[in-house]
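Accompanying notes for the structure given below.
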Amino acid sequence: MSDHDNDTGIIAKLRAPWQSMLDESPKAVRTFWVVSLVLLLLIAFADIFVHHHEHFGIDGTPGFYSLYGLGACVVMVLGSKFVVALVLKRKDTYYDD
Amino acid sequence: MTGTELPLLAMAVPAVGAILIGVFGRWPNIRELITVLTSVTLLGVVLQILPLALADDFWSTTWTAEPLVLLEMLPGIPLTLKIEPLGMIYALIASSLWILNSLYSVGYMRGNKEKHQTRFYMCFALAIASVMGIAFSGNIFTLFVFYEALSVSTYPLVAHKGTPEAVRSARVYLGILVGTSVGLLLPAIIATYYFTGNLDFQPGGVFQEALANERIVGPAIGVLFFMYMYGIGKAALMPMHKWLPAAMVAPTPVSALLHAVAVVKAGVFSVVKVIIYIFGTTSLVSTGQGEWLIYVAGATIVIASCIALFQDNLKRRLAYSTVSQLSYITIAASLLSPLGYMAAAIHIAAHAFGKITLFFAAGSIYTAAHKTNISQLDGIGRKMPWTMGAFAIGSLSMIGVPPTAGFISKWYLLSGAWETGYTFVIVVVLLSTLLNAGYFLPIVWRAFFRAPPEETHHASMSHADGNFGDPHDHGHGHKDHGHDDHGDHGEAPLPIVFALTCTAAGTVLLFFFPDIALGLAEQIYRGLPLP
Amino acid sequence: MIEFPPGLILVLGALLLPFVKGPVRGALSLLLPLATLVAVWLVPDDANVTVSFLQGMEMTLVKWNRPTAVFATIFSLMAFGGALFALNQNRKVELPAAFVYAGSAVCVTFAGDILSLFIFWELMAVGSSIVVWSGNTEASGRAGLRYAAVHFLGGAVMMAGILAHVFALNAGGVENPLLLDYFAFGPGGFDALSFNGPGDIAPFLILIGILINAATPPFGSWLADAYPEASESGTVFLSAFTTKTSVYVLMILFAGTELLIYAGMMMAVYGIVYAILENDMRRILAYSIVNQVGFMVCGIGIGTEMALNGAAAHAFAHIIYKALLLMSAGSVLYMTGKRKCTDLGGLYHTMPITMWCGIIGALAISAFPWTSGFISKSMISQAAADNHLFAAWMVLTAASAGVFLHAGIKFPWFVFFQKDRGLRPPDPPWNMRAAMIFFAVLCVALGVWYEPLYAILPFPNVNGPLYEPYTVSHVVSQLQLLLWSGLAFFLLLPVLKRTLTITLDFDWFYRRFVPVLWRSVLKPVVTVFGWSRDVFFIESKRFAGAMTRADTEAARIPLFREWSLGSAMVLITFFLFVFLVVGYTH
Amino acid sequence: MIDIQANLPALIVVIPLLGGVLATFTGRGILPWAWASLVTGATFALTLRMMATLLQSGAPYISYELGNWPRWWGIEYRVDLLNAFILLVVAGVGFITTLYARESVNDEIAKDRHHVFYAVWILAITGLLGITITGDAFNVYVLLEISSLTVYALIAMGKDRDRRALTASLRYLILGSVGASFILLGIGYLMMVTGTLNMEDMHNQLMRLANLDTNRTVLVAFAFLLVGLSIKMALYPLHMWLPKAYTYAPSAVSALLAATATKVGVYMAFRFLFGIFGVGFSFYAMPSHLILLAMASLGIVFSSLAAIRQNNAKSLLAYSSVGQIGYIVAGFSLANPDGVAGSIVHIFNHAVTKGGMFLALGAVAYRVGGTDISHLRGLAKRMPLTCGALALGGLGLIGMPLTAGFISKWYLVKGAMGSGMWGLVVVVLFGSLLALVYVWKLIEAMYFGEPTGRSAEAKEAPLSMLIPIWILVALSIYFGVDATFTGETATRAAAGLLGGTP
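Residue numbers (numbering that gives the first Met the number 0), protein chains in the order written: chain A, 0 to 96; chain B, 0 to 530; chain C, 0 to 585; chain D, 0 to 501.
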């Protein structure tokens, strides 16, 4: 099912999933993004004040959890969508035929 | 009173019953009352024998006592009756289920307005008399005699309808059963007599002496074993199984008691009996001639189940399931281990209760709804909840799920398999579990969870469970045949519902109270000669 | 004093349900779970109820094992929540089946021997299959058949294993070989095995049997296959018991088995990957069950007291929030009749309660601070870290982030927000709302007031709290992890575009491969075999007809013709000749 | 008054001989039948007494010299266990069929010929008894001719019902005469070699011959006798006279013939092969047992197949009889105790079984007017007792346990195993299966068919028929359940034969 995204630019692509909600209340969406980004930065920089007990060395590095969370998710999504799906994706009527 | 004459009484009761049924054939009520009374009396007699077989000192007293000689057919070859634990299980199952089956028969035969009912009840009683003879036979020759009597007395039941199809199927039935028994079993018995001069059942078998002084050699034992196993056609070892589906043309009470309990159990009972008491563990193990049976029985289990998967006729599917389940008993006995023998003995009981329930249900559906095919059963469980509930319980027992009797026999069978180290048997049991689930559960699902044909237009997803029908709400099934296809029916007649509810309950109760069956199975175990 | 397995209240009570109607039925369906819950807590600490079974074997029906308290409590509670949610649905068969299912699960937790454990284990399979079927659709029927077949097969495998071990124990002269203690394979008993006899293969068979129920790949595809096909309430029940009972049994029998660490890691990642690719909202949640159970299995594999506590606590928390999520999804389905993300969106307009409960569940599954997930999941990661299991820790941490991605955000986002499809259904009926609110409150309450749960864990420590979830470091690091993975979600939204697809799983083998194998290889063989058999039978029939019937054309064989007198004389002469020749030449 | 006890052997032949002749003067009505019953009854009583005497005396045999001539000149009657047993069968079946004959003969034979019929009937029985009792080879031939000629006549009397009886009779006459003359030739050659007609003498003389095995005269005699006897006992494929004769003969005659005539042929074979030539010559020096076994085996298979093909119940039973002769011949060809005992016991068992069945078919013909399978259809409802008898007899033919047929099979199979003849075991059992098929043809028709025509209104057969039918059927069941008497007698008789005493 397509979300009627005719534009091909990267911004257009990023906007597309929000289109419906942007139509309804663009302000809420903008507020959501602004608050979220502020929160993200704040929590990431909290490592300056909080010391994590390290078990393996790497987990004590400042910003580790933030970057690991982001990185792990990107890897998993891209891996699923572009590696696993390549092999295992079928039409949803696959078993009905 | 030592009780050794009780088996004769057990045989005489149904035989006399048969005569009385014939005499009072003109008065259906009296005739059927006699049937029921006879069956109750028989159970009473069999229950009298039970304590003897269960007694701790059975092997030193009852067993060693002189057998009851019915008559001396030929010099040195008497027909004898003897109490024996395995036979006790068989007799107990057959006689107790006969009561329910009699009730069921009354409902079924009247409900379907069958003809020749006097002949039906007479032959039925005669078949039970033969079953008692088989169960209590003291030597293989006696067993053979009653085995044949059973074939002959059940023939009229299979051919009952007299239609060309019924007659043809009855021919296959008789042809295979008598053919195998005369062609293989009889010469095997005569050869046994020729080699050993002894036809008595005895723990440890009759061949040891002949083997010791080399009157008979291993390969000959193998040939004889083969002849016995295929000579007992009633055990339906592939490829001698065709008679069983053919016999399904009979009225359902016949399929239920005879082709789920009495006749087929006569087959596997004889197989087990021959293995334990004619060949004996030692003879077969030392010569290694019995091993092929494990693989043949295993193949039978799997192949018959596969065939069952593709049957649309309910009774045929049940028949192939029976073929498969019978080989459970055979495979258990062919493990040649005490636990295997116990598994075989228990499965005789467990399968009997489960399968008779399934057949009762099939007949109930036929009586109430005139449906024979599985594809017609959509939503029938909503109209016949008792019937299909019982069917579900029977199915679970076939799969071997607790709390049903099938679980217990599966338990012992797997134990026996580990005891002897036959991984093949384990694999077969696993596969068979899967296949059993594969061909029984769809029926249960259809019956309860698929919308009945006429409701498809206005099926509502959330209210589709239907009502629990009133079992009394019946009796109109025949007046309006035009509406049969639209499922205008309720439960089957009360006697039918009562009988199948009882057997279903029995299937569950046997799980909780397996003591009698287990006690008898252990009695067999105790009688085996120490290795 | 309770002298019987408390679960039996549910199991036997379930059998009464079909016979009552209306408000009595409703009351009964709510009272039975509560009675069970009370009964669980009335079982005395030293309970040891045994019955003899199968001649000389002893079954221990009631006994407190270490994790019993956690699991029995949550199972009873879950039965109550499920019954409340299902109250308005009035399905004749589903609720009794679900109660048998739940009650058996409770009974499993009280079993003191392997046989009674197994019996209730199988009973669960029966109950749950019926629950799947109660979806009352063609798809639920087929899925239920596959479900039942897999579980009965798994049961048989486990049974084979149990008997192999019993055989080995018997050979060793053990008095009562059914006792669960003999089946605690653990690190010592399991990892140091050789393949010498049936006893040695036993743990593997048992483990496979349990892992099938725990939905561990490659045995686990039944879960995502069957659960989403059940009814709205059915899925809620299903989500709770089967996998968590497996976790319980694994904890009893296989604590500390290293293999399970890897199995758990695999499950965690598998659940995320498949959930990301999934379109059906309930299937997304089903995959996340696998993911969450992966955490527990991993914890059991680690096997320290901390890890086991974590696994038990996580099971407790998981049942609640997973049921909550599925109730939320179920409510959506119930009100809209739609289950695919591609058909849903924008429901926040009219289903606020459902939305908020769904979000609370989503936060709980993601282990946000002050939700139940936070106080349980981190115990497992902590145990991995304490044991210097670097890979496990990394994977679990990544999986924690991934959970937020696929269940914590994806589910609410696509169902309640995203694109407005114009659906405007109201919130579901009162009982469904009540059930959701009840579980949502529990989620938050556990996150804040976790001590009672910690007190009933398998290893409630004696010197102060065993684990302190709310350290600044822990809260911060968890928030970092989750929020940044949230960023990843919104950045990758274009990629996460939902598609009308499914993802192949191991069930492909029995849904596709086997049928194709049958059609293209086995069936031709069978056909040819059957054909040659038919030819054989037809020919033998013809032959038999020729030999036995006088009225067919083929039957006029000279052998049976009436001999003329002349030929008879020739024959007589011939025989005379034969005898003479024989006489002369012998 | 003559001393009955002392002259028992002679009386067994003389009484029916005189009775037969006198029967021609009995006129019409019930009298001929009553007279015949009286005579055969008396004869049967005598044979019973004979048997009892023999068993009591404990002697191997009782010898009786007719007219007190020494046996090497005169005629010796000699009764041992074997022929006492056969006598019992012949006289017993003769008596029972006579009892049965009244209604059947009334129905099937013109009223003015009843006295002739019964005269010939009694004489036929006389001939058969005589063959069995005599110890003189030529006397065998003479009595054989008596019985043969009377039987031809009896068969021809079936013409009132079906003209084809005449051709059947003629056919039998021609083939039977060939057989009889072969036997005469054989006896003649033997006399040339031995100079005596007394069987025991003959045997002793033959044994004294140095070159017995190569003596051409003996060999020729042996060949002629074997072929002649094979014709007489209807051994396949020399049975060509039998099916039609049995089919078209009057019902009572079919029963009598099936039960006794061929059996006496077999008895002659016993006497010649075992008694005169001796086991050593017949079965070891000559490989004749192999030929006999081959003929018997083929007979069992092919005549059973032929029986299956028949659409007339009487010809079905007739072909079945040929097959059963195969069992008997196969049994004694084994020349071991079990085999020979099986052979002897089967003579008895088959006589009662097949006799009973033919009688039952007679009752069917009496009520329905024919014995085609179509006549039998659905008849069990109308004539339950007759059909029941037919069915039980059929089970006996198959050899179901608890019927006499089973006992025979037991001995035969055991004998075959004892000689290592596994092929014969297979044949015997295969024969049982074929018997199952043809018997089931009858049973299916009777019990599961729908009656048409006269069958639909048929009444149960009259008591005078039912009683004889059921006596024979009951015997076939009784001696299946308790075969001690038949089994032991046969075993002892077999021991006697194999021991070489004539």
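Where is the CB? At the ideal position from N, CA and C, for every residue including glycine. Predicted, not measured: the structure shown is a model, and the values here were computed from it.
Apart from the five residues just before and just after residue i, which ones in its own chain have a Cβ nearer than 7 Å to its Cβ?
i, result
"residue 366(C)", "372, 373, 376, 377, 399, 477"
"residue 382(C)", "298, 301, 303, 305, 306, 309"
Just to confirm my understanding: we take residue i, look at its own chain, exclude 5 residues before and 5 after, and list those with CB closer than 8 Å. What are they?
i, result
"residue 39(B)", "98"
"residue 622(C)", "Since the first residue of chain C shown is 0 and the last is 585, residue 622(C) is not available in this structure."
"residue 539(B)", "Nothing can be reported for residue 539(B), as the shown portion of chain B is limited to 0 through 530."
"residue 230(D)", "174, 175, 177, 178, 181, 237, 240"
From the DSSP output, in three-state form, read off residue i for me.
i, result
"residue 502(D)", "For chain D, the structure presents residues 0 to 501; residue 502(D) sits outside this window and is missing."
"residue 107(D)", "helix"
"residue 311(D)", "strand"
"residue 430(C)", "helix"
"residue 77(B)", "strand"
"residue 52(C)", "strand"
"residue 418(C)", "coil"
"residue 458(D)", "coil"
"residue 198(D)", "helix"
"residue 20(C)", "coil"
"residue 228(B)", "helix"
"residue 13(C)", "helix"
"residue 372(B)", "strand"
Name, please, each residue of chain A whose Cβ falls closer than 9 Å to the Cβ of residue i.
i, result
"residue 290(C)", "In chain order: nothing, as chain A lies at least about 11 Å away."
Leaving aside the five residues before and after residue i along the sequence, list all residues of the same chain whose C-beta is less than 6 Å from its C-beta, in chain order.
i, result
"residue 68(D)", "none"
"residue 86(C)", "25, 430"
"residue 168(D)", "151, 154, 155"
"residue 416(B)", "424, 425"
Can you check whether the CB of residue j is closer than 8 Å to the CB of residue i?
i, j, result
"residue 379(D)", "residue 446(D)", "yes"
"residue 245(D)", "residue 257(D)", "yes"
"residue 401(C)", "residue 289(C)", "no"
Starting from the beta carbon of residue i, find every residue of chain B whose beta carbon is closer than 7 Å, and list them in chain order.
i, result
"residue 536(C)", "Here the premise fails: no neighbours, minimum Cβ distance about 10 Å."
"residue 440(D)", "By Cβ distance, chain B contributes nothing, its closest Cβ being about 10 Å from residue 440(D), past 7 Å."
What residues of chain C sit near residue i, judged by a beta carbon separation below 8 Å?
i, result
"residue 437(B)", "144, 148"
Cβ closer than 8 Å: which chain A residues qualify as neighbours of residue i?
i, result
"residue 401(C)", "71, 72, 75"
Applying a beta-carbon distance threshold of less than 7 Å, which residues of chain A neighbour residue i?
i, result
"residue 139(C)", "Under the 7 Å cutoff, chain A gives no residues; its nearest Cβ is about 14 Å from residue 139(C)."
Starting from the beta carbon of residue i, find every residue of chain B whose beta carbon is closer than 9 Å, and list them in chain order.
i, result
"residue 446(D)", "118, 155, 158, 161"
For this session: Select from the stretch 27-44 of chain A all residues with a C-beta closer than 7 Å to any C-beta belonging to chain C, and list them in chain order.
Result: Of all residues in the stretch 27-44 of chain A, those with a C-beta nearer than 7 Å to a C-beta of chain C are 38, 39, 42, 43, reading in chain order.
Exercise. For the stretch 144-172 of chain D, which residues have a CB atom closer than 8 Å to at least one CB atom of chain C, in sequence order?
Worked result: Answer in chain order: 170.
For this session: Return the residues of the stretch 476-495 of chain C that lie within a Cβ-Cβ distance of less than 9 Å from chain A, sorted by chain order.
Result: Within the stretch 476-495 of chain C, the residues whose Cβ lies closer than 9 Å to any Cβ of chain A are, in chain order, 476, 477, 478, 479, 480, 481, 482, 483, 484, 485, 486, 487, 488, 489, 490, 491, 492, 493, 494, 495.
Exercise. Using Cβ-Cβ distances below 9 Å, what residues of the stretch 481-493 of chain D are close to chain B?
Worked result: From the stretch 481-493 of chain D, only 481, 482, 483, 486, 487, 490 have a Cβ closer than 9 Å to chain B.
Exercise. The stretch 373-407 of chain D: which residues have C-beta closer than 9 Å to a C-beta of chain B, in chain order?
Worked result: Those residues of the stretch 373-407 of chain D placed with their C-beta closer than 9 Å to a C-beta in chain B are 394, 397, 398, 399, 400, 401, 405, 406, ordered along the chain.
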